[in-house]
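When the sequence shown is numbered by the UniProt record's numbering, its final residue is 538 and no position is left out of the sequence of numbers.
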Amino acid sequence: MGKGDFLRLLYGVLAFCCVTVVIADDPYRFYTWTVTYGTIYPLGVPQQVILINGQFPGPRLEVVTNDNIVLNLFNKLDQPFLLTWNGIKQRKNSWQDGVLGTNCPIPPNSNYTYIFQPKDQIGSYTYFPSIGMHRAAGGYGAINIYQRPQIPVPYPTPNGDFTLLVGDWYKTNHKILQSTLDSGKSLPFPNGVLINGQANPSFTGDQGKTYKFRISNVGLSTSLNFRIQGHLMKLVEVEGSHTVQNTYDSLDVHVGQSVTVLVTLDQVPKDYYIVASTRFTKPILMATGVLHYSNSRIPVSGPIPGGPTIEVDWSIKQARTYRWNLTANAARPNPQGSFHYGKITPSRTILLVNSAPTINGKQRYAVNGASFINADTPLKLADYFNIPGVFSMSSLRSSPSGGPPFIATSVLPANLHEFIEVVFQNSESTLQSWHLDGYDFWVVGYGGGQWTQASRQSYNLEDTLTRHTVQVYPNSWTSIYVSLDNQGMWNMRSALWERQYLGQQFYLRVWNPIQSLSNEYYIPSNALLCGRAAKAHN
């Protein structure tokens, strides 16, 4: 790191301290990551992937809640690059969100220092590249946030902690995949499934002991079912929510989602299959790892345990069994559920309908008829510098308005401290997955067919989970409640990356006209400026 880089890093940390309430026991953790290309063989053939510090997947961020992260990222690719922190709330700090609506990309042979704090969060999260189709080349990794010593979690400390990043994978180079989408065509079917960048990984534990498995779907498009031969899984956490501890023999994990389970090695000492297989697809793709008992001398054997394949009702029923553990401490020492979502009346309802139109002869994806296109300037910077004409706050309606689909840089305005209902209506025959940056939300209901006001009678207003990514089943709806307590410009997108890339996303501008550090931090001193923002600043 040169003198100039060090000074920029120091100034960034000092600026962060000036606008953040930091107490003595909130330590700083410093990281330096270098992003490069490398050649590996994840599915048996050589292919170019994105490495971070030479690793695929990238390094795990293992931190304690409220730690301050200072991460200096050097981009050694031949393309601009950004990382986004999937599920990290970035309290009052959308400046660090790492998507093209909030950040200028890091140019090749340049660097940027992210400074952020996973405030009041405990659980399993991920990071991944947010530009183009970089995500199809790797560059992803885990963020494991642990509790402070004085805040107990609602289960005994496990004997070990395994992170499993599972997802579909292509043998095709990410630049070719992007060219396919740019030409107006859809992506082909994936070539396989990986667990931690491998088709056949192995995990070792001791007989009689209990281990934590953190399972995240980091793929591009495919829901996965996860299971371990001969073992039950006790669900303990979903994207930061401690759960009622039901046991399952397999779990659906949809694109962008994370779950945490406890597994006790209570079987005879031998090796057992670990399986991740695709859901709702023909053919079915599968990765098979091994759970190895340390005292085992018997290799894995027998038929690979089967799981659900295309059964939608099975998945819906399982999703409805997920319940919030209201008696457990959250990241703060108070029981979860003390702020009761079910007793608050939403101020308005936003109805979002996905579609897959053809626009100008090319495949696009849209929400309420609007197919998003990135501007030449990050929307957050355009908002800050009052640059007109970068985005529109009138193109995307709060419900479908009819008319032909269109391309727009859509921003949906909202007020800070609103409490809203969002309904995702899926009229297509494929499962959808939706994510909201900067927030978690209460998943209050799933249902088939068209949502109506009468659908609210089926809502869970007692103990549903909060999470950051939610599935919407084919020809069905999913409803969420969101407390808009985090000012900023936040990306709401399809977690299915082809759909996101071709327009199924928009930004939610959560705003208060009274500017205050209690609402939102200042622009970072090291913020990259590009497009019209660079000219405005000069």
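Ideal placement from N, C-alpha and C gives every residue a C-beta, glycine not left out.
Residue environment analysis places residue 187 among the buried positions, since at least 16 neighbouring C-beta atoms fall within 10 angstroms of its C-beta. Residue 359 and residue 292 have their alpha carbons spaced roughly 52 Å apart.
Closest option to residue 520, judged by alpha-carbon separation, among 485, 499, 323: 485. In this structure, residue 66 sits away from residue 113, with a CB-CB distance that is not shorter than 8 Å. The segment 279-355 is shown to contain whole beta strand (DSSP E) runs of 3 or more residues at 286-293, 349-355, in chain order.
Annotation for residue 478: 424, 446, 470, 472 place their beta carbon closer than 6 Å to its own, counting only its chain and skipping 5 residues before and after. For a cut-off of 8 Å, the C-beta gap from residue 190 to residue 168 is around 4 Å, short enough to register as a contact. Counting along the chain, no beta strand (DSSP E) covers residue 379; the unbroken alpha helix (DSSP H) around it starts and ends at 379-384. Assignment of residue 69 by DSSP, reduced to helix, strand and coil, places it in the strand class. Contact annotation: residue 193 and residue 133 have beta-carbon atoms that are not nearer than 8 Å.
Pairing residue 505 with residue 162, the inter-Cα distance amounts to about 32 Å. Of the candidates 111, 175, 229, 60, 60 places its Cα closest to the Cα of residue 146. In this structure the segment 84-93 does not lie against the segment 37-48, because fewer than three pairs of beta carbons, one per stretch, are closer than 8 Å.
For residue 500, the enclosing alpha helix (DSSP H) stretches over residues 497-501.
Residue 233 has 248 as its beta-bridge partners, per DSSP.
Classified as buried, residue 217 has 16 or more neighbouring CB atoms from the shown chains inside 10 Å of its CB. Residue state for residue 277 is assigned as strand, using DSSP reduced to three classes. Of the residues 225, 271, 393, the one whose Cα lies closest to the Cα of residue 257 is 225. When the beta-carbon positions are compared, residue 253 and residue 467 stay at least 8 Å from each other. DSSP places residue 182 outside any beta strand (DSSP E); the residue lies instead in the alpha helix (DSSP H), whose first and last residues are 174-182.
Within the same chain, 422, 441, 442, 443, 444, 470 come within 7 Å of residue 480 by CB-CB distance, once the 5 residues on both sides are set aside. Per DSSP, residue 408 is one residue of the beta strand (DSSP E) stretching across 406-408. Approximately 5 Å separates the beta-carbon atoms of residue 228 and residue 274; this is inside 8 Å, confirming the contact. Note that the C-beta distance between residue 120 and residue 437 is not below 8 Å. In the three-state DSSP reduction, residue 267 falls in the coil class, being neither helix nor strand. If you draw a straight line from the Cα of residue 531 to the Cα of residue 104, it is about 9 Å long.
Under the DSSP definition of a beta bridge, residue 448 partners with 476. Residue 531: member of the alpha helix (DSSP H) spanning 531-537, first to last residue. Per DSSP, reduced to three states, the secondary structure at residue 435 is strand.
Taking C-beta separations shorter than 7 Å and ignoring five residues to either side along the sequence, the partners of residue 329 in its chain run 151, 152, 335, following chain order. For residue 39, the CB contacts under 8 Å within the same chain, skipping 5 residues up- and downstream, are 46, 47, 48, 49 in chain order. Distance between residue 414 and residue 393, taken at the CA atoms: about 10 Å. Take residue 206, set aside five residues on each side of it, and the residues of its chain with a beta-carbon closer than 6 Å to its own are 294, in chain order. In the structure shown, residue 199 falls within a coil segment according to DSSP collapsed to helix, strand and coil.
Close CB contacts of residue 220 within its chain, under the 8 Å cut and outside five residues either way in sequence, are with 135, 136, 167, 168, 170, 187, 190, 255, 496, 497, 498 (chain order). Judged by DSSP secondary structure, residue 218 falls outside any beta strand (DSSP E); it is assigned neither H nor E.
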